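Here the working numbering is used: the first residue of the sequence shown is 489, the next is one more, and so on.
Where is the CB? At the ideal position from N, CA and C, for every residue including glycine.
Quantities reported herein were computed from a predicted structural model and do not represent experimental measurements.
Following: one structure in structure tokens, then a few remarks.
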Amino acid sequence: MSGIPARGPDRRTTVAPRPRRGPLLQQFGFARERLTDRLAGPVMDSGTWRLSHLSELLALRADHTDGSHSLPRDDYAVAGDAATAIAAFDAAATAWRTALLGVDDPALDTVGHSTYPHGSDPEDPFIDIVWWVNQELLHHGAEIALLRDLYRARQR
489 MSGIPARGPD RRTTVAPRPR RGPLLQQFGF ARERLTDRLA GPVMDSGTWR
539 LSHLSELLAL RADHTDGSHS LPRDDYAVAG DAATAIAAFD AAATAWRTAL
589 LGVDDPALDT VGHSTYPHGS DPEDPFIDIV WWVNQELLHH GAEIALLRDL
639 YRARQR
């Protein structure tokens, strides 16, 4: 088995390939496919839409973690303006934080702790779901900031 060169100045040592690489490559394939689909589909590049997407993600996952476990995605109202989107995001982020504050260490390792049906929640340890939500917040938050900065630069 060939190894991967170790990091650092002494690259003569090697480490074995990581078995967790497979799922990461699958995630990359999924992300690439979603991006390709989005590029071919209708344009939804507003900060309001992205903030609504994050609000939906947080509100539904909070409900399916520490709520009624029944809030459907189709009933979530997408905000039509920035003020409504910001208020919805604030409420959803508060609900998600409350759900996380109620989680102990054993729950983090529990498969299916979140019952959100439109993700991998029922099949994955809760800590993986929290990681995924954090990644969504980071990348969509960065996109929102970029759109805001581009809009401001255009106004000058």
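Can you list, in chain order, the residues of its chain whose CB lies under 6 Å from that of residue 597, leaving out five sequence neighbours each side? 613
Looking only at its own chain, which residues have a Cβ that is under 6 Å from the Cβ of residue 628, when we skip the five neighbours before and after it? 538, 542
Report the rounded CA-to-CA distance for residue 515 versus residue 607, giving the unit in angstroms. 13 Å
So is residue 583 buried or exposed if we call it buried at 16+ other beta carbons inside 10 Å? buried
Can we say the stretch 546-561 touches the stretch 588-605, given the rule of at least three CB pairs closer than 8 Å? yes
For residue 512, count the other beta carbons within 10 Å of its own beta carbon; 16 or more makes it buried, fewer makes it exposed. Which is it? exposed
Once DSSP output is grouped into helix, strand and coil, what is the label at residue 610? helix
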